[in-house]
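Enquirer: One structure, pasted below without further comment.
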């Protein structure tokens, strides 16, 4: 649901009231609290909201609250939707119920209206239990999650109520809610309150349990019944216990508000941020305070919320997919449950000659997803950077064993100019030195870097630009991406010649030795979202694979020994490593970007992370072929791949990754991206992709992308899968550029109606601004972001 | 609970039956299943067990089952404890209820007895809801967790039952149970079954929901009631639906069994294990299949369980604390809930100039725990290895800035022989080359390595042994560890002289330059559990800190510029890095091992991981002083600390770490280790520790450790905190040693009565075998392990 903001007001103290079950006294507790707040704070407003009520109107919860607080002038009870059948809302909703989004919008609007009326207390009573379905069958605790209101749980005093109460609290807890208080009626037979009080006090963050006398027994005579209830409310709402409880709730609210508002400032003395020049961060306003996240949005502290009535929180669209990890949205309950299940089953499993089920299931699932006939083995590590180090160790060893080098000569890598592979030293050394890494002690680029031709859409025309500046144009992206067709052409021959020439120069001419080639396929991420001509990467792979004569120089063995027999998927020339940490697993619309390179142009080693766990926790997989794996087989322990971390193949990460892959794979199979695919493939172009290369498509609207490419401030644009990158026209190029900063600052500061008042947080890469969607980002959010971009350009 | 094994039998198909609430028909479903199993499988046995029943015996659930299955010869209904009050067990238990351990043991014994009686079905009916308290107030789902039985959930057909049913399932799910089927009675008014059926079918791993007609309404006349119920059972238990359901349950059981038994074999084609020479792993028997874990035990596939009646699973004590990560036990629900809460609140938070509450809370909590007055800032990364790379970047930059080196001369580290800091290239380069890392391409040790004197207990006497072979003896460990007292002595002077001499030789003599010192304090972990004389490390730190004149050689600045003013915690000489990844956070009994080095001998940079998250997920923190931090401040972005990972300071990790630290800290404050401390401090020794140095203690019994140190096969032993390491006498030293392997193989293969039939999985380091407890390992497990060790020595 785009734009519906979490809610934390300076002026009103708001709670959502959940019940451990139906019939536990939610409405009675709500009435007690509403009445007590109105009594104890006569200068303030007290709000009671029951968004959806089922059962006859006269018995409805807001009528009940009205009846017992009607004598107080400062109470506003309200119900938004009233259905007469006393059953679950999803059964009475009828064929066209109001959408969840419209219901939540109205609740949100009502909260903001209440906040603007000055100080007060607000109690929102939910319906049924925590998972009771809404009109559209969404479990309630999930439905209300975007608002993330502080929570009161009404526990169950009946037989079995200890269990339902704990289960309800845990259900709320794992959905990211904070429960401020538990209320329960005293029952001296079952004595649930005693157990629950000690249970909730023993939690990591203890929750106070308020024990109240139960309401009077229901009487036949309705007037008598009401009289007895009125007397009950009079006593309980007026009690010192409730007064103290309300004070506690106010204090908690104040502490929450203050903690949130001072978080950035307090962090400035403690936190060392990554990649940050702290002398530029002295103003706490430079730090974004993130209170929670949901779907495609962060809930951030609103810097402009100075009015006492203002909502402190604001929806901020996560336009960089949270460092490219997001596919299924923040705080996805499916992933949470997968993580918690594995944590509850295993905790930690030491992966020393051991196996657990999620590790193997993930290996199988990953290899099936990637459909790379070369891959046979999966090695797990913790993140992209360590995954790259593993890949390097694999590739270089395989080359050394094959070519039987025994001298001490340095072995380097072949790589690509503008590549980035991570921040550990081995990964850093796979990149050319630049202004950013050159001052890091111990870093030195240990390789030769090819300069790639790039692809960009300029004024409606796709261009392939050579490093020399030469440009060839294509009518459609399909033309650029139809590698199988282009392999027959002159450009391919030129690329192969160029690569071969460079290799000869550095190997024969300069006498250097190489042990592996590492490449980011199709899009160089951190290097500036550079779209590389896939034909060039194809030529690179083809040429390296056919240049055994060059790479084997210095080997004591003879040429005949270098051709593996009996394994058509064995590496030749050099092991090819694809760093697909960023581009893999549907980021570019395909399970692997290597499918854009055409028939059987698969890496020998591939690294996967980012979308692998959908942002829940770190995990990386380095996949390798049989011929790579076999280079480590010997009778000696010290020839093994000597790499491992405590959490190698940890069960929690593997279980989450299985779930994440499964959701993306089944989405792909079910055609959830078909509308986007059609958008990109029905455009008027002549070229059609041949069978072997994957067809390019994007979640970003094709006509809009073409329009933007002609914008006067835009130098060019690329869109592929969920990635959109816009190169701005600017005099100063490179990272130091400020045009992008200015544009993004405006997106960040304004509240955009296209996103229902949300702002947009994106990250620049020099003069490139990029926007990255999740794999489940709704179309209205995508189009909203497009609208915002168009406005700020 | 030591030794109580998870249960998965070849012969009997076992299910625990949980209810979403009380009064949802658990006993009726149990009766239906028991009767149906007996009818459909007349050649097999059918078991029904209600471990604890409350309510009058004649109405008890086992009596109910007996009544309606009594006509069948192959049914055995049983109840173990019967209480007459119809309330929760914890209320009727009385002052001395049977212990949870004895109850679970009896259940376990009963299961094994049933399994040995040939093929059949076993239904264990729980009491109340999933969290209903046991006799000793433990929530039931936690209580039964060690058995981890396959689960049947009886859902709630009443109003509100959708919510309680989903919440109950999630509560079981996050405790690591697998639910094979959900049963629910049809109620055509509330229609919960429809919603639940589609809910459970939509899960990542769908669960079949079996909808049954409800039982006949209760009748006044007890004979009539029984007649109606009997007719009901006759129909439902005889139905095709139930027959198919039983078949499905049998199939699931078969699939589970087969998946488990073939897991290792299937993994052999897919998995690339860390540190493993795969040519030695060709036999699937070399791979340990881990089905789950709980507390201090893994549940592993039993290789010897060939009998059809055998339990396939076996408790295996995790004697290496799961690669040193375990403090609070495997599958700790507190940590699971912390992880799930943060996942539900945030998912992923991009930590680019952003802050979230758990990141700051952890930074504060960590610095408070460590009580290192130098530390001011916390930088987060993913694991110990990346944390070390961060520390290196910090330290070397600080030195370069202070000493204003501008030439291109190599900057090295000072380190310690036998240190190990991780497997990424930068971390590897902080260790001396050895047989294991020397063949890794790109690795070269970039430092000078001090040879440390070591501490060991031999034949009841603590020895400090110099690299030269010289030995000094101490009467007690307290004497060795009383660094403050020893600082006055000759040994300290000798150490300082030695260190100074070595520094002069490599810096003045060899012209080398150093940028930081990195040290594992007190115990070198992967290097062989080597206990280093703390006085030596103290001398090392003192000498390095006072040798600015040496380290500043080559600086264009003058001596006066090297003394920081106004910051008494600023580094001098070289930045000192303590790699406390393994030894930190109570592993050695203290929040930080640096407290063993005496007054104010704190590092400038420290790295923490392992126990930080109690094994739930990877996270590392590198802490640094103000003077380190300030070396990165400038007007230039490129002078920032250029390091970061996608999951830097990820909220899930931080939240779990906060919980883990809090549990350990409050345990420390509450004196949970007091008995161990007393054990070590009341022994007859003359030395007493002075105020400034922390007193050593261990969870391993002192007298037992002394005894072991005199064992004929033992060369020496160390015990500190939760670490115990025994050096075996052997002709061949080093990693290749097989004496340790032989000893550990026996511990692994036998079932030890000391651990109620469990075996012990430990890892060797050369001729050293080590045993590492968690911070909450019960004393009976510790003493059990000691008993096993004594037997196999």
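Chains as they are written, first to last, in UniProt numbering: chain A, 1 to 793; chain B, 1 to 793.
For each residue, glycine too, the CB sits at the ideal point set by N, CA and C.
Report the rounded CA-to-CA distance for residue 551 of chain A versus residue 560 of chain A, giving the unit in angstroms.
Expert: The sequence position of residue 551 of chain A within the first chain is 551, counting from 1. The sequence position of residue 560 of chain A within the first chain is 560, counting from 1. So the alpha carbons of these two residues sit roughly 14 Å apart.
Enquirer: Output the distance between the C-alpha atoms of residue 142 of chain B and residue 156 of chain A, rounded to the nearest integer angstrom.
Expert: Position 142 of the second chain, counting from 1, holds the residue named residue 142 of chain B. Position 156 of the first chain, counting from 1, holds the residue named residue 156 of chain A. Taking the straight line from one Cα to the other gives about 20 Å.
Enquirer: Is the CB-CB distance between residue 366 of chain B and residue 378 of chain B below 8 Å?
Expert: Numbered from 1 along the second chain, position 366 holds the residue referred to as residue 366 of chain B. Numbered from 1 along the second chain, position 378 holds the residue referred to as residue 378 of chain B. Yes, these two residues count as a Cβ contact at 8 Å.
Enquirer: Please classify residue 9 of chain B: is it buried, with 16 or more other beta-carbons within 10 angstroms of its beta-carbon, or exposed?
Expert: Position 9 of the second chain holds residue 9 of chain B. Buried: at least 16 other Cβ atoms inside 10 Å.
Enquirer: With distances taken from CA atoms, which of A:784, A:698, A:407 and A:554 is nearest residue 797 of chain B?
Expert: The first residue shown for chain B is 1 and the last is 793, placing residue 797 of chain B beyond what the model contains.
Enquirer: If we count the other Cβ atoms within 10 Å of its Cβ and call it buried at 16 or more, is residue 823 of chain A buried or exposed?
Expert: Since the first residue shown for chain A is 1 and the last is 793, residue 823 of chain A is missing from the structure and cannot be characterised.
Enquirer: Within 10 angstroms of the Cβ of residue 296 of chain B, are there 16 or more other Cβ atoms? Answer buried if so, exposed if not.
Expert: As a position in the second chain, residue 296 of chain B is number 296, starting the count at 1. Buried.
Enquirer: Leaving aside the five residues before and after residue 163 of chain B along the sequence, list all residues of the same chain whose C-beta is less than 7 Å from its C-beta, in chain order.
Expert: Numbered from its first residue, the second chain carries residue 163 of chain B at position 163. Hits under 7 Å: none found.
Enquirer: Can you find a C-beta in chain A that's less than 8 Å from the C-beta of residue 95 of chain B?
Expert: For the purposes of this step, residue 95 of chain B is taken as residue 95 along the second chain, with counting starting at 1. It does not: the Cβ of residue 95 of chain B has no partner Cβ on chain A nearer than 8 Å.
Enquirer: So residue 768 of chain B and residue 747 of chain B are in contact, right, with Cβ under 8 Å, and what is the actual spacing, rounded?
Expert: Walking along the second chain from the start, residue 768 of chain B turns up at place 768. Walking along the second chain from the start, residue 747 of chain B turns up at place 747. 15 Å between Cβ atoms; not a contact.
Enquirer: Check the Cβ-Cβ distances between residue 275 of chain A and every residue of chain B, and say whether any is below 8 Å.
Expert: Here residue 275 of chain A refers to the residue found at position 275 when the first chain is read from its first residue. Yes, contact with chain B.
Enquirer: Using the DSSP secondary-structure output, state which residues sit across from residue 496 of chain B in a beta bridge.
Expert: One-based indexing of the second chain puts residue 496 of chain B at position 496. The partner list for residue 496 of chain B (beta bridge, DSSP) is empty, contrary to what the question assumes.
Enquirer: Would you mind giving the Cβ-Cβ distance between residue 807 of chain A and residue 611 of chain A, rounded to the nearest angstrom? I have them listed as a contact below 8 Å.
Expert: As shown, chain A starts at 1 and ends at 793. That puts residue 807 of chain A outside it, with no answer to give.
Enquirer: Rounded C-beta distance between residue 515 of chain A and residue 411 of chain A? I'm assuming under 8 Å.
Expert: As a first step, residue 515 of chain A is located in the first chain; it is residue number 515 there, counting from the start. As a first step, residue 411 of chain A is located in the first chain; it is residue number 411 there, counting from the start. Confirmed, about 4 Å.
Enquirer: Which runs of the alpha helix (DSSP H) fall wholly inside the stretch 579-654 of chain B and span at least 4 residues, in chain order?
Expert: 626-629
Enquirer: Taking C-alpha atoms, which residue in B:400, B:388 and B:89 lies nearest to residue 519 of chain B?
Expert: On the second chain, residue 519 of chain B is found 519 positions in, with the first residue counted as 1. Considering only alpha carbons, the answer is B:388.
Enquirer: Taking the C-alpha atoms as reference points, what is the distance between residue 788 of chain A and residue 728 of chain A?
Expert: The count along the first chain starts at 1 and reaches residue 788 of chain A at position 788. The count along the first chain starts at 1 and reaches residue 728 of chain A at position 728. When rounded, the separation of the alpha-carbon atoms in residue 788 of chain A and residue 728 of chain A is 16 Å.
Enquirer: Beta carbon of residue 325 of chain A, beta carbon of residue 385 of chain A: below 8 Å?
Expert: Stepping through the first chain from its first residue, residue 325 of chain A is reached at position 325. Stepping through the first chain from its first residue, residue 385 of chain A is reached at position 385. The answer is no: Cβ separation not under 8 Å.
Enquirer: Give, in chain order, every residue of the stretch 393-422 of chain A whose Cβ lies closer than 7 Å to some Cβ of chain B.
Expert: 393, 396, 397, 400 and 411
Enquirer: Would you kindly work out how many angstroms separate the C-alpha atoms of residue 120 of chain A and residue 232 of chain A, rounded to a whole number?
Expert: The sequence position of residue 120 of chain A within the first chain is 120, counting from 1. The sequence position of residue 232 of chain A within the first chain is 232, counting from 1. Each residue's Cα considered, the two are about 24 Å apart.
Enquirer: What are the start and end residues of the alpha helix (DSSP H) that includes residue 26 of chain A?
Expert: Looking up residue 26 of chain A in the first chain gives position 26. Element bounds for residue 26 of chain A: 26-40.
Enquirer: Could you name each continuous alpha helix (DSSP H) segment of 4 residues or more that falls completely within the stretch 278-319 of chain A, going from the start of the chain to the end?
Expert: Qualifying alpha helix (DSSP H) stretches: none in this window.
Enquirer: Short of 6 Å in beta carbon distance, which residues of its chain neighbour residue 235 of chain B, apart from the five on each side in sequence? Order them along the chain.
Expert: Here the question's residue 235 of chain B lines up with position 235 in the second chain. Result list for residue 235 of chain B: empty, nothing under 6 Å.
Enquirer: In angstroms, rounded to a whole number, what distance separates the CA positions of residue 26 of chain B and residue 102 of chain B?
Expert: Taking the first residue of the second chain as 1, we reach residue 26 of chain B at position 26. Taking the first residue of the second chain as 1, we reach residue 102 of chain B at position 102. Spanning the two alpha carbons is a distance of roughly 25 Å.
Enquirer: Using a cut-off of 9 Å between C-beta atoms, extract the partners of residue 794 of chain B located in chain A.
Expert: No answer is possible for residue 794 of chain B: the residues shown for chain B start at 1 and end at 793.
Enquirer: Do you know how far the Cα of residue 433 of chain A is from the Cα of residue 685 of chain B?
Expert: Here residue 685 of chain B refers to the residue found at position 685 when the second chain is read from its first residue. Here residue 433 of chain A refers to the residue found at position 433 when the first chain is read from its first residue. Only weak support is given to the placement of residue 685 of chain B: the predicted model assigns it a pLDDT of 44, under 50, and the question is left unresolved by the model.
Enquirer: Thinking just about the alpha-carbon of each residue, which of B:4, B:91 and B:92 is nearest to the one in residue 145 of chain B?
Expert: As a working note, residue 145 of chain B is residue 145 in the second chain. For residue 145 of chain B, the nearest C-alpha among the options comes from B:4.
Enquirer: Taking the C-alpha atoms as reference points, what is the distance between residue 583 of chain B and residue 650 of chain A?
Expert: By 1-based counting over the second chain, the position of residue 583 of chain B is 583. By 1-based counting over the first chain, the position of residue 650 of chain A is 650. Approximately 21 Å between the Cα atoms of the pair.
Enquirer: Mind checking which residues open and close the alpha helix (DSSP H) that includes residue 165 of chain B?
Expert: Within the second chain, numbered from 1, the residue matching residue 165 of chain B stands at position 165. 161-173 is the extent of the alpha helix (DSSP H) around residue 165 of chain B.
Enquirer: Would residue 420 of chain B and residue 525 of chain B qualify as a contact pair, given that the criterion is a beta-carbon distance under 8 Å?
Expert: Indexing the second chain from 1 puts residue 420 of chain B at position 420. Indexing the second chain from 1 puts residue 525 of chain B at position 525. In contact: residue 420 of chain B and residue 525 of chain B (Cβ atoms closer than 8 Å).
Enquirer: Hey, would you say residue 574 of chain A sits closer than 8 Å to residue 544 of chain A, going by beta carbons?
Expert: Locating residue 574 of chain A in the first chain gives position 574, where the first residue counts as 1. Locating residue 544 of chain A in the first chain gives position 544, where the first residue counts as 1. Residue 544 of chain A sits close to residue 574 of chain A, with the two beta carbons spaced by under 8 Å.
Enquirer: I'd like the span of the alpha helix (DSSP H) that includes residue 323 of chain A, first residue to last.
Expert: In the first chain, the residue the question calls residue 323 of chain A occupies position 323. First-last of the alpha helix (DSSP H) with residue 323 of chain A: 321-324.
Enquirer: Do residue 477 of chain B and residue 448 of chain B have their C-beta atoms within less than 8 Å of each other?
Expert: As a working note, residue 477 of chain B is residue 477 in the second chain. As a working note, residue 448 of chain B is residue 448 in the second chain. Taking 8 Å as the Cβ cut-off, residue 477 of chain B and residue 448 of chain B do not qualify as a contacting pair.
Enquirer: Using a beta-carbon distance cut-off of less than 7 Å, what residues from the stretch 109-124 of chain B approach chain A?
Expert: none
Enquirer: At least one CB of chain B closer than 8 Å to the CB of residue 432 of chain A: is that the case?
Expert: Translated into the one-based positions of the first chain, residue 432 of chain A becomes position 432. No, its Cβ sits nowhere closer than 8 Å to a Cβ of chain B.
Enquirer: Measuring straight from C-alpha to C-alpha, what distance separates residue 183 of chain A and residue 246 of chain B?
Expert: Your numbering for residue 183 of chain A matches position 183 in the first chain. Your numbering for residue 246 of chain B matches position 246 in the second chain. So the alpha carbons of these two residues sit roughly 42 Å apart.
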